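Here is the structure we will look at, set down as structure tokens.
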Amino acid sequence: MNAIALSTEHISKHFDHFVAVDHVSFSVRRGEIYGLLGPNGAGKTTTIRMLLGLLTPTSGKGAVLGFDIVKQAEAIRQRVGYVSQKFSLYPDLTVAENFNFYGGVYGVSRAALAERRADIFRTIGLSGQDQERVSALAGGSRQRLALACALAHEPELLFLDEPTAGVDPISRRGLWDLLYALAARGASVLVTTHYMDEAENCHRLAFIYRGRLVAEGTPQEMKTQQMVAQVVEIDCEPLDAALTVLRAARWFDEVALYGALIHAIGQNVAEKISPARALLQSKGVAVKSAQVILPSLEDVFIARLRSVDVDDPISE
875 MNAIALSTEH
885 ISKHFDHFVA
895 VDHVSFSVRR
905 GEIYGLLGPN
915 GAGKTTTIRM
925 LLGLLTPTSG
935 KGAVLGFDIV
945 KQAEAIRQRV
955 GYVSQKFSLY
965 PDLTVAENFN
975 FYGGVYGVSR
985 AALAERRADI
995 FRTIGLSGQD
1005 QERVSALAGG
1015 SRQRLALACA
1025 LAHEPELLFL
1035 DEPTAGVDPI
1045 SRRGLWDLLY
1055 ALAARGASVL
1065 VTTHYMDEAE
1075 NCHRLAFIYR
1085 GRLVAEGTPQ
1095 EMKTQQMVAQ
1105 VVEIDCEPLD
1115 AALTVLRAAR
1125 WFDEVALYGA
1135 LIHAIGQNVA
1145 EKISPARALL
1155 QSKGVAVKSA
1165 QVILPSLEDV
1175 FIARLRSVDV
1185 DDPISE
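Under our numbering, think of the first position of the sequence shown as 875, with each following residue one higher.
Right, here's the structure in full:
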């Protein structure tokens, strides 16, 4: 069996004069959870739709489970599962009826469906909800059902397009536990997200921005190898005044809130800590601590996107 579940080579998609995806190349291994992290409009959904054969690439090529994404799209769709941002559940049907419908579409026998439904519902946390109407389900349960329907035919590869948007934290954690279990059984997962904590859960991930891949690696590699700048973490108050002072000083490339702290990103930041502390205190800001730290994934993400904007600014 091929160790690569999915691969693209310089895949691009143009809509008239707009470049949605620009020469993107990456691969996903069997049994791997691979994340595409990027802001809205970065090209994540367009990339998935090309891999599913729903959009034809303008240029480049790709393969999913050994099948060409242009010439063998139907074979791909029979072997993968897909949960879109707006998955089409039928609100007037029950949970079980929705699952049976999608399983039937994929050719799963009635006898196999009953057994598979019980197993998947138990795993995904839907046991006892078979006869509830979808219209009465909470958001987290609807998302779990959408995932269950995508798993009805036991796909080898699962595409998840921002699957936890609007889902509560407990349901999000449950979803990721399930994804790890699927990967352990050999299934591959391609998931798009803009949540940094979810990106940390991926085996490997890529940053996509303005249609291009701007960084790729494991979360740890991202933080230790993809970050050329350094980060100073500042614990101070009031935060709004500190942000204004530090940004006006222009000593750092980026100054941003990180929870109840400030992260200042730049070069040779250690030598800037003392003058920054003195400046803040002179403006009435109480500084509890300021130290150089290992960058977070969010720091790396912000720095990489900023470098793209500096190197290749969007024309007005």
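We put the beta carbon where it would ideally sit given N, CA and C, even for glycine. Note that this is a predicted model, so its numbers are computed, not measured.
If you measure between the beta carbons of residue i and residue j, is that distance less than 8 Å?
i, j, result
"S881", "A937", "yes"
"G1085", "D896", "yes"
"L939", "R953", "yes"
"H1137", "E1107", "yes"
"A1089", "G1140", "no"
"T997", "E1036", "no"
"A1152", "V1166", "no"
"E1074", "L1171", "yes"
"V1063", "L1021", "no"
"S901", "I922", "no"
"A1164", "E1111", "no"
"A1026", "R990", "yes"
"C1023", "Y908", "no"
"R1078", "E883", "no"
"L1031", "A986", "no"
"A894", "T920", "yes"
If you draw a straight line from the alpha carbon of residue i to that of residue j, how long is it in whole angstroms?
i, j, result
"A1150", "K1097", "24 Å"
"W1050", "Q1017", "12 Å"
"L928", "K945", "12 Å"
"G978", "Y964", "15 Å"
"L1087", "F1081", "6 Å"
"L1154", "K1162", "11 Å"
"L1131", "A1057", "34 Å"
"V1119", "V1182", "26 Å"
"S1156", "D1109", "16 Å"
"S1015", "L1000", "7 Å"
"R1178", "R1121", "19 Å"
"K935", "G1002", "44 Å"
"A1123", "I1176", "20 Å"
"K918", "A949", "22 Å"
"L925", "A1134", "40 Å"
"S1009", "D966", "6 Å"
"N876", "V1174", "32 Å"
"A1116", "V1105", "16 Å"
"A988", "T968", "14 Å"
"L1019", "E971", "11 Å"
"D890", "T932", "11 Å"
"Y1083", "L911", "9 Å"
"H1042", "F1033", "In the sequence on display, residue 1042 carries Asp and not His. Taking the straight line from one Cα to the other gives about 21 Å."
"Y976", "A992", "15 Å"
"K887", "I1147", "45 Å"
"R1059", "Q1005", "29 Å"
"V1129", "P913", "19 Å"
"H1068", "Q959", "13 Å"
"Y980", "D1071", "33 Å"
"V1007", "Q1100", "Before going further, note that residue 1007 is Arg rather than Val in the sequence given. R1007 and Q1100: Cα-Cα distance of roughly 47 Å."
"S1045", "F892", "37 Å"
"F1126", "N1142", "9 Å"
Who are residue i's beta bridge partners in DSSP?
i, result
"A1089", "F1081"
"Q1165", "E1107"
"H1137", "E1107 and A1130"
"L1064", "Y908 and F1033"
"S881", "S901 and A937"
"K887", "V895"
"A1160", "E1111"
Put residue i into one of helix, strand or coil per three-state DSSP.
i, result
"R903", "strand"
"L929", "coil"
"K918", "helix"
"V969", "helix"
"D1114", "helix"
"V979", "helix"
"D896", "strand"
"G912", "coil"
"V954", "strand"
"D942", "strand"
"L963", "coil"
"W1125", "coil"
"N974", "helix"
"V1102", "coil"
"V1170", "Reading the sequence as shown, one finds Ser at residue 1170 and not Val. Coil."
"Y1069", "coil"
"D1183", "helix"
"D1051", "helix"
"R1178", "helix"
"R923", "helix"
"R1151", "helix"
"R1059", "coil"
3 or more residues per run - each beta strand (DSSP E) lying fully within the region 984-1039: DSSP runs (the beta strand (DSSP E)) wholly in the region 984-1039: 1031-1035.
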